[in-house]
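Beneath this line is the structure, given in structure tokens, with notes to follow.
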Amino acid sequence: NAGVMQNPRHLVRRRGQEARLRCSPMKGHSHVYWYRQLPEEGLKFMVYLQKENIIDESGMPKERFSAEFPKEGPSILRIQQVVRGDSAAYFCASSIRQGGTEAFFGQGTRLTVV
Amino acid sequence: AQSVAQPEDQVNVAEGNPLTVKCTYSVSGNPYLFWYVQYPNRGLQFLLKYITGDNLVKGSYGFEAEFNKSQTSFHLKKPSALVSDSALYFCAVRAAGSNDYKLSFGAGTTVTVRA
């Protein structure tokens, strides 16, 4: 059973471009969480999705950031018009149910905005 | 609101010596507590968790942690550290219950084990 798969592992974007980060949860998991790790900081919750639904996006910046988890395919975190401050590691986690005591994390996507 | 404090940015120990990484937390109600490790350019790896039951929790790679409710602490320990334990360690907390899912992480503690 493959773990949580994130791609790409590294992504470089110029200011103003769009970044798309993908997350495929573990098999059988329908709950996906995105976290952001800024330099020298711990992970901060961004958004929680179930299939085709955004459950909690309280940690998402109000502008330029969006997330989806379609019926088929991976969850996508989309950042439009990236700025240098978006440079961070973005981690995805999945769980088999809401409130499950274990969330399994992917290896992260390291976004660098130049 | 829930939060985690890891008071030490860095911990340095000699190989073979005991290792302790400190964590204190704040949460409404009962906590679920977790430790994760992050090796350079790698993702988060789960080490152990406290959900309920025994206050002493044993996890992967010889690590253990002790839940202390009165001190709101969940310190990570290893009796004899290895050079390969050098990594970044994160403590995390969330409220107990099936309606809660949001993990709050500490800022991390960098552990360096010297040979």
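Protein chains in written order, with this note's numbering: chain A, 943 to 1056; chain B, 5 to 119. Note that the Cβ used here is the ideal one computed from N, Cα and C, for glycine as well.
The beta strand (DSSP E) enclosing Y105(B), as first and last residue numbers
Within the second sequence, residue 105(B) is the residue found at index 101, counting from 1. According to the DSSP assignment, Y105(B) belongs to no beta strand (DSSP E), since it is labelled neither H nor E.
C-alpha distance - F1033(A) paired with F1011(A), whole-angstrom precision
For the purposes of this step, residue 1033(A) is identified with residue 91 of the first sequence, where counting begins at 1. For the purposes of this step, residue 1011(A) is identified with residue 69 of the first sequence, where counting begins at 1. F1033(A) and F1011(A): Cα-Cα distance of roughly 15 angstroms.
Shortest alpha-carbon distance to A9(B) belongs to which of V31(B), R118(B), P22(B), L23(B)?
Numbered from 1 along the second sequence, position 5 holds the residue referred to as residue 9(B). Of the listed residues, the one whose Cα sits closest to A9(B) is V31(B).
Close beta carbons around T116(B), own chain, < 6 angstroms, minus the five adjacent residues each side
The residue labelled residue 116(B) in the question sits at position 112 within the second sequence. Excluding positions up to five away in sequence, the list reads N16, S90.
Determine the direct distance from the alpha carbon of E1044(A) to that of K969(A), and round the result to whole angstroms.
The residue you call residue 969(A) lines up with position 27 of the first sequence. The residue you call residue 1044(A) lines up with position 102 of the first sequence. Within the model, the alpha-carbon separation for K969(A) versus E1044(A) is close to 14 angstroms.
Given 8 angstroms, three or more beta-carbon pairs between the region 79-90 of chain B and the region 57-67 of chain B
Yes: the two stretches touch, three or more of their Cβ pairs being nearer than 8 angstroms.
Check whether chain A comes within 9 angstroms of S30(B), counting only Cβ atoms and requiring the distance to be less than that.
By one-based count along the second sequence, residue 30(B) stands at place 26. Not an interface residue.
Helix, strand or coil at V87(B) according to DSSP, with G and I counted as helix
Here residue 87(B) refers to the residue found at position 83 of the second sequence. If DSSP states are grouped into helix, strand and coil, V87(B) belongs with the helices.
If you run the structure through DSSP and keep just helix, strand and coil, what is R1026(A)?
Counting from one through the first sequence, the residue named residue 1026(A) turns up at place 84. Of the three classes helix, strand and coil, the one that applies to R1026(A) here is helix, per DSSP.
Is the number of C-beta pairs between the region 99-107 of chain B and the region 1014-1032 of chain A that are closer than 8 angstroms three or more?
By the Cβ rule, the region 99-107 of chain B does not count as touching the region 1014-1032 of chain A, because fewer than three pairs are nearer than 8 angstroms.
Residues bridged to Q959(A) (per DSSP):
As a first step, residue 959(A) is located in the first sequence; it is residue number 17 there, counting from the start. Answer is none; Q959(A) lacks a bridge partner.
Taking all protein chains shown into account, decide if T56(B) is buried (16 or more other Cβ within 10 angstroms of its Cβ) or exposed.
As a working mapping, residue 56(B) is identified with position 52 in the second sequence. T56(B) is classed as exposed because its beta carbon has fewer than 16 other beta carbons within 10 Å across all chains shown.
Where the region 1008-1023 of chain A meets chain B: residues whose CB sits under 9 angstroms from a CB there:
Under the 9 angstroms Cβ criterion, the region 1008-1023 of chain A contributes no residue.
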